[in-house]
Structure formats: C-alpha cells, structure tokens
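Numbering (this note's numbering), first residue to last: 37 to 140. In what follows, a structure is listed as structure tokens, so that the remarks can point back to it.
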C-alpha cells in the first residue's frame with residue numbers, strides 16, 4: 037500500500053507569503069513520503085525563464101518564497117513541466133495596471 041498526498045491548489049493573486057508559509061507548514065506536518073502538487077501558483081518558479089520580455093527589474097517580479105524552494109528540495113518536489121522543458125519559456129504576461137497575470 038502506498039499513501040500519496042495529492043495537493044490541488046490555486047494560489048491567490050496579491051501578497052502570497054502567508055499563503056505559502058501555511059502551505060509549507062501544512063505539508064511538513066502531514067509527513068507524507070510521496071506528494072503530488074497540482075497548482076496554479078500565480079507566480080514564476082524561475083523568474084528568468086518564466087517571464088516574458090527583457091525587463092531588468094526581475095527582483096520585483098513575483099516568484100516563490102525562498103522557503104518554498106527549501107521545501108521542494110527537502111521533500112523532493114520538482115516542476116514536472118520544467119523537467120520536460122528545461123530551456124522553454126513558460127511565459128507569464130504582466131500588464132501594468134488592473135489585470136492579473138496570464139500564462140501562454
């Protein structure tokens with residue numbers, strides 16, 4: 037018998053630090069050996085590859101909080117799309133005013 041934790045989430049737009057902190061803590065508390073996360077993170081996993089255009093202000097763009105990358109390493113979570121497409125852009129279009137990001 038295998039127990040797999042299936043996590044399906046939609047991360048809200050706006051400030052995400054608290055959301056990701058709660059998600060991080062909850063996943064760690066459950067202590068599953070196998071975890072599958074299906075998500076619309078509403079943010080970039082890789083700010084270089086996942087943003088369209090050549091804006092040099094990358095530090096201002098939304099990415100996963102650093103502690104979430106630690107969780108990914110700790111429990112061996114990886115981005116399956118990125119594993120299959122290591123150099124391909126998974127673009128997020130950013131509009132300057134009024135609407136939320138949309139992926140290609």
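Where a beta carbon is used, it is the ideal one built from N, C-alpha and C, also for glycine. Being a predicted model, the structure only gives us computed values, none of them experimental.
Worksheet item: Residues in its own chain within less than 7 angstroms of residue 123 by CB, not counting five upstream and five downstream?
Response: As a working mapping, residue 123 is identified with position 87 in the chain shown. Excluding sequence neighbours, residue 123 sits near nothing in its chain.
Worksheet item: Is residue 69 helix, strand or coil by DSSP?
Response: Your numbering for residue 69 matches position 33 in the chain shown. Of the three classes helix, strand and coil, the one that applies to residue 69 here is coil, per DSSP.
Worksheet item: Given that a residue counts as buried once 16 or more other Cβ atoms are within 10 Å of its Cβ, and exposed if not, what is residue 99?
Response: Reading the chain shown from its first residue, position 63 is the one you call residue 99. Its Cβ being crowded by 16 or more others within 10 Å, residue 99 is buried.
Worksheet entry | Contact test: residue 118 Cβ vs the ligand FAD heavy atom, cutoff 7 angstroms | The ligand FAD is not part of the structure shown, which contains no ligands of any sort.
Item to complete: Please classify residue 131: is it buried, with 16 or more other beta-carbons within 10 angstroms of its beta-carbon, or exposed?
Response: Residue mapping note: residue 131 aligns to position 95 of the chain shown, counting from 1. Summary for residue 131: the model assigns pLDDT 38, below 50, so the residue's position carries little reliability; its value from the coordinates is reported in the next sentence. So residue 131 counts as exposed.
Discussion item. For residue 76, list the residues DSSP reports as bridge partners.
Written reply: Translated into positions along the chain shown, residue 76 becomes position 40. Residue 76 pairs with 46.
Discussion item. For residue 84 and residue 73, I'd like the C-alpha separation in whole angstroms.
Written reply: In the chain shown, the residue the question calls residue 84 occupies position 48. In the chain shown, the residue the question calls residue 73 occupies position 37. Approximately 22 angstroms, taken between the alpha carbons.
Worksheet item: Taking the alpha-carbon positions, what's the residue 58 to residue 52 distance?
Response: Along the chain shown, read from residue 1 onward, the residue named residue 58 stands at position 22. Along the chain shown, read from residue 1 onward, the residue named residue 52 stands at position 16. Those two C-alpha atoms are separated by around 10 angstroms.
Item to complete: Could you spell out where the alpha helix (DSSP H) holding residue 110 opens and where it closes?
Response: Translated into positions along the chain shown, residue 110 becomes position 74. Taken as a continuous stretch (DSSP letters only), the alpha helix (DSSP H) holding residue 110 covers 102 to 110.
Discussion item. Does residue 40 come out as helix, strand or coil in the three-state DSSP assignment?
Written reply: Working through the chain shown from its first residue, we reach residue 40 at position 4. The answer is strand: DSSP assigns residue 40 an E or B state.
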